[in-house]
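*Asks:*
Number of protein chains: 2
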Amino acid sequence: MVQQSLRERNKQEKLARIQQAARQLFEEKGFEATTTYAVAELAQIGTGTLFLYVKDKQELVLLVYHQAIEETIEQAFVTLPADLTLLDELVYLFEQFFRLYNQNIELARVYIKELLFHEGYRAQASRQINYFLEQMATRIKEAQARGEVAQGVDISQATRNFFALYYAILTSWLSGAFSLEEAVNPHLRRAFASQINGLLPRS
Amino acid sequence: MVQQSLRERNKQEKLARIQQAARQLFEEKGFEATTTYAVAELAQIGTGTLFLYVKDKQELVLLVYHQAIEETIEQAFVTLPADLTLLDELVYLFEQFFRLYNQNIELARVYIKELLFHEGYRAQASRQINYFLEQMATRIKEAQARGEVAQGVDISQATRNFFALYYAILTSWLSGAFSLEEAVNPHLRRAFASQINGLLPRS
DNA sequence: AGTCATTTGTGACTACAATCAATATTGTAG
DNA sequence: CTACAATATTGATTGTAGTCACAAATGACT
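Residue numbers (our numbering), protein chains in the order written: chain D, 2 to 204; chain F, 2 to 204.
(1) Tell me the residue span of the alpha helix (DSSP H) that contains K142 (chain F).
(2) Report the neighbours of K114 (chain F) on chain D: residues whose CB is nearer than 8 Å to its CB, in chain order.
(3) Output, in chain order, the set of chain F residues within a Cβ distance shorter than 9 Å of I197 (chain D).
(4) Alpha carbon to alpha carbon, how far is R110 (chain D) from G31 (chain F)?
(5) According to DSSP, is V150 (chain F) helix, strand or coil?
(6) Threshold first: 3 residues or longer. Then list the beta strand (DSSP E) segments lying entirely within the region 48-106 of chain D, N to C.
(7) Quick check: the Cα distance between D57 (chain D) and I156 (chain F), rounded to an integer number of angstroms?
(8) Return no unless some Cβ of chain F is closer than 7 Å to the Cβ of N162 (chain D).
(9) Suppose you measure from the CA of V3 (chain F) to the CA of H67 (chain F); what does that come to, to the nearest Å?
(10) Taking 7 Å as the CB-CB limit, is S180 (chain D) close to chain F?
(11) Tell me the DSSP secondary structure of A116 (chain F) in three-state form.
(12) On the three-pair Cβ rule with 8 Å, is the region 34-49 of chain F touching the region 70-79 of chain F?
(13) In or out: A83 (chain F) buried (at least 16 other Cβ within 10 Å) or exposed?
(14) When the cut-off is 7 Å and only beta carbons count, does L270 (chain F) lie next to chain D?
(15) Given that a residue counts as buried once 16 or more other Cβ atoms are within 10 Å of its Cβ, and exposed if not, what is V172 (chain F)?
(16) Under 7 Å between the Cβ atoms of L64 (chain D) and Q20 (chain D)?
(17) In whole angstroms, what separates the C-alpha of W174 (chain F) from that of L117 (chain F)?
(18) Which class does L200 (chain F) belong to by DSSP, given the choice of helix, strand or coil?
(19) Taking the alpha-carbon of I197 (chain D) as reference, which of D:V150, D:N186, D:A39 has the nearest alpha-carbon?
(20) Distance, Cα to Cα, Q1 (chain D) vs T50 (chain F)?
(21) Check whether chain D comes within 7 Å of R191 (chain F), counting only Cβ atoms and requiring the distance to be less than that.
(22) Taking Cβ positions, are L108 (chain F) and F27 (chain F) nearer each other than 7 Å?
(23) With a threshold of 16 other CB atoms inside 10 Å of the CB of G177 (chain D), please say whether the residue is buried or exposed.
(24) Using a Cβ-Cβ distance under 7 Å, would V3 (chain D) count as near chain F?
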């Protein structure tokens, strides 16, 4: 049992209430229409207190998604079907994020946008992303072991490339360029296939 | 000579004054510290009038960069050295954008962030991006003609992949992950090389 | 030129994110 | 238990982006 001071416990409870209040209001009324005053009220804290816990209104969205992203990453690997090709594995893994963001596209836009250059949260977010990348790298190494991938390949570079391709398609999709199904199926799959195949002639 | 009404001329002059005023103030004081009131004053218009020309303060940044991006794209292809390998050509082309954004990194961050999901400006911006992608595709086809690239390859898919890789490295760089030189040289080059080489074993 | 309709411009006003000086709560040492 | 320091909380206040009811400018038509 971890010894925890009253202060520590109060702080954690407040943060939890803030996260819960923000989630609820964003769901009900959307990000724009939710005021920080309303979040503070629902979380039963003063308007000023809110900003001791988050740097700005946008950070509330990061707070809301943090948990969901954690769960999505975990579930993605747990439910990953066996015996897929590398391409199918990668498509499956990233598809889970599309499904998460599909639950509330307006909010997902705010999240992706704020995540880009947000100071305070970048550390936490990149911890999650790095964990995901490492897990992916493991899968690619397995594909290498069974001969799907060449020996000399820089795995961590390839991993980052796959993530970059996913990210570009995610943002196009969130901009309304195409449907969820299209995003995953022709677009993500083709982009990954192109990365896997490369451009060189088969000498 | 295009016949132009007085209305049309007034509007264009005002827009030009707004663009100029915004650029000057963003340079001098940065984005945050510049008020829309100050922009309106310098452009010699009412505070309300500003918002007939741009939807919000962020759109001023898009306005400021629009011209610069146009010129950067044009210059990139004009100054592209002859007889480079495909990889060197691509690195050269994208490097020009890094140099543009390097002139004012804070402002570049705002630009890249706002561009993501901005309604009104997406059309204009994607016109520019599509033009750039087409020019790139032409270069890749030339590489294909000289045997650097395999015949069956989906060129427009590959083109979009290169852009996605550039974009990911651009945003990492703007987040302060590494220096300008590092961004272009190890990072962009390696990412592009990985896309060109692919992952498959050379049978 | 004079009348009217349509487009463009204006700045006082509103709403709200974020701040900060004042207050309350919790921890600690005697 | 008391006194005091350290930390956390508060809501009135502020600065500013963006709105809107009204005013001015422009163009079209007779």
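All C-beta atoms in this analysis are idealised placements derived from N, C-alpha and C, irrespective of residue type, glycine included. All values reported here derive from a predicted model rather than from experimental measurement.
*Replies:* This is what the structure holds:
(1) Its alpha helix (DSSP H) spans residues 120-146.
(2) Going along chain D in sequence order, the residues near K114 (chain F) (Cβ under 8 Å) are K114, L117, F118.
(3) Simply G199, L200, L201.
(4) Put simply, the backbone Cα of R110 (chain D) is about 25 Å away from that of G31 (chain F).
(5) V150 (chain F): coil per DSSP, three-state reduction.
(6) Fully contained in the region 48-106 of chain D is no beta strand (DSSP E) run of length 3 or more.
(7) The straight-line gap from Cα to Cα measures roughly 43 Å.
(8) Cβ-Cβ to chain F under 7 Å: yes for N162 (chain D).
(9) The predicted model places V3 (chain F) with a pLDDT of 48, which falls under 50 and marks its position as unreliable; any figure quoted below should be read in that light. Distance between the alpha carbons of V3 (chain F) and H67 (chain F) is about 23 Å.
(10) Chain F, which has no Cβ nearer than 7 Å to the Cβ of S180 (chain D), makes this no.
(11) The sequence as given places Leu at residue 116 (chain F); Ala does not occur at that position. Under the three-state reduction of DSSP output, L116 (chain F) falls in the helix class.
(12) No: the two stretches stay apart, fewer than three of their Cβ pairs being nearer than 8 Å.
(13) Burial call: exposed.
(14) Past the edges of chain F, shown from 2 to 204, lies residue 270 (chain F), and the structure says nothing about it.
(15) Reading the sequence as shown, one finds Thr at residue 172 (chain F) and not Val. Around the C-beta of T172 (chain F), 16 or more other C-beta atoms lie within 10 Å, and the residue is accordingly described as buried.
(16) Q20 (chain D) is positioned such that its CB atom lies closer than 7 Å to that of L64 (chain D).
(17) Going from the Cα of W174 (chain F) to the Cα of L117 (chain F) covers about 17 Å.
(18) Assignment of L200 (chain F) by DSSP, reduced to helix, strand and coil, places it in the coil class.
(19) The shortest Cα separation from I197 (chain D) among D:V150, D:N186, D:A39 belongs to D:V150.
(20) Outside the modelled stretch of chain D, which goes from 2 to 204, sits residue 1 (chain D), for which no answer is possible.
(21) It does; some Cβ of chain D falls within 7 Å.
(22) Cβ atoms of L108 (chain F) and F27 (chain F): closer than 7 Å.
(23) By the beta-carbon neighbour count (other beta carbons within 10 angstroms, threshold 16), G177 (chain D) is exposed.
(24) Any reading at V3 (chain D) is ruled out, since the residue's pLDDT is 47, under 50, leaving its predicted position unreliable.
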